[in-house]
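Student: Add 131 to the 1-based position in the sequence shown for my numbering, that's all there is to it.
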Amino acid sequence: MLNRVRIILVSPSHPGNIGSAARAMKTMGLTRLYLVDPKIFPHSDATALAVGANDLLESASICSSLDEALMGTVFSVAATARNRDLSHQIMTPRQVADSFLGKTDEGDVAIVFGPERTGLTIEDATKCNVVSTIPCNPNYSSLNLAQAVQVFSYELKVVSAKATIVGQTKKTIERATHEEIEWLIAHFEKVLIDVEFLNAQNPGRVMQRLRRLVAKTDLEKDELNILRGFLSAVEKKAL
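(1) Would you report the Cα separation of Thr300 and Gly238, rounded to the nearest angstrom?
(2) Report yes if the CB atom of Asn134 is closer than 8 Å to the CB atom of Thr178, and no otherwise.
(3) Can you have a look at Lys347 and say buried or exposed, based on whether 16 or more other CB atoms are within 10 angstroms of its CB?
(4) With three or more C-beta pairs closer than 8 Å as the rule, is the stretch 263-278 touching the stretch 158-174?
(5) Whole alpha helix (DSSP H) runs in the stretch 241-304 with 4 or more residues, listed along the chain?
(6) Quick check on the DSSP output: the beta strand (DSSP E) that includes Ala209 runs from which residue to which?
(7) Could you give the DSSP three-state label for Asn356: helix, strand or coil?
(8) Taking Ser192 as the reference, give the member of Ala292, Leu164 and Val365 with the closest Cα.
(9) Quick one: give me the first and last residue of the beta strand (DSSP E) that Ile171 is part of.
(10) Is it buried or exposed for Arg248, if we count other Cβ within 10 angstroms and need 16 for buried?
(11) Please report the distance separating the alpha-carbon of Thr308 from that of Thr204.
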């Protein structure tokens, strides 16, 4: 299970936080670190705070965009405390770990963390299937990046250990990947504009809500292909 989990840090600004996050991951058996446009990396501060997790830093995948980091994943989680403007389903870290248990049989999954100061943008968060918030003291909810990574990593380790003991087996499902979902969303947007359902100049929150609808369906490849075929048929009729 754990070898199918990606930890994605979007635009981390402090190299020390990258090293601390790598340490948090390795203590729980996670190894796949993805960095999206890191401000400073590699750096001696990252190496110093990794404390023995230098192999994760050396093997880290450096990406230019979140879409690149999510390429090939079948399920992703936006880790953010700012969920008021998001209509996605909200999970706790424990629920995330439970949901990953079956999905890692189908492909790679990911937890996405935003920049230290600002967190994930709405645009980046809505690229994920669900949102997850760590339950904290409402009067003092200040967690640094590595602490947040540690919380999720711990929950994943606990669930992974339980699965090993129980020996769970599940039927493998061919799930739609992130990029296939993005193509579907783009296809929907084009068709909605073509049939004048969506105003390209003033789309409102239609596409955000459509993303939420698609995310909730947990699409299989066959289901996605049916939708793409339907949209292509609508395009032909609209000509």
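Backbone N, C-alpha and C fix where the C-beta goes; we use that ideal spot for every residue, glycine too.
Tutor: Considering the structure as presented:
(1) Low confidence applies here, because Thr300 scores a pLDDT of 49, under 50, leaving its location unreliable; read the following figure in that light. Between Thr300 and Gly238, the C-alpha separation is close to 15 Å.
(2) One thing to note: Asn134 has its Cβ no nearer than 8 Å to the Cβ of Thr178.
(3) Burial call: exposed.
(4) By the Cβ rule, the stretch 158-174 does not count as touching the stretch 263-278, because fewer than three pairs are nearer than 8 Å.
(5) The stretch 241-304 contains these whole alpha helix (DSSP H) runs: 253-256 and 276-297.
(6) Thr204 to Ala210 is the extent of the beta strand (DSSP E) around Ala209.
(7) Helix, per DSSP.
(8) Here the closest residue by C-alpha is Leu164.
(9) That residue, Ile171, is in no beta strand (DSSP E); it is neither H nor E in DSSP.
(10) With fewer than 16 Cβ atoms within 10 Å of its Cβ, Arg248 is classed as exposed.
(11) Distance between the alpha carbons of Thr308 and Thr204 is about 5 Å.
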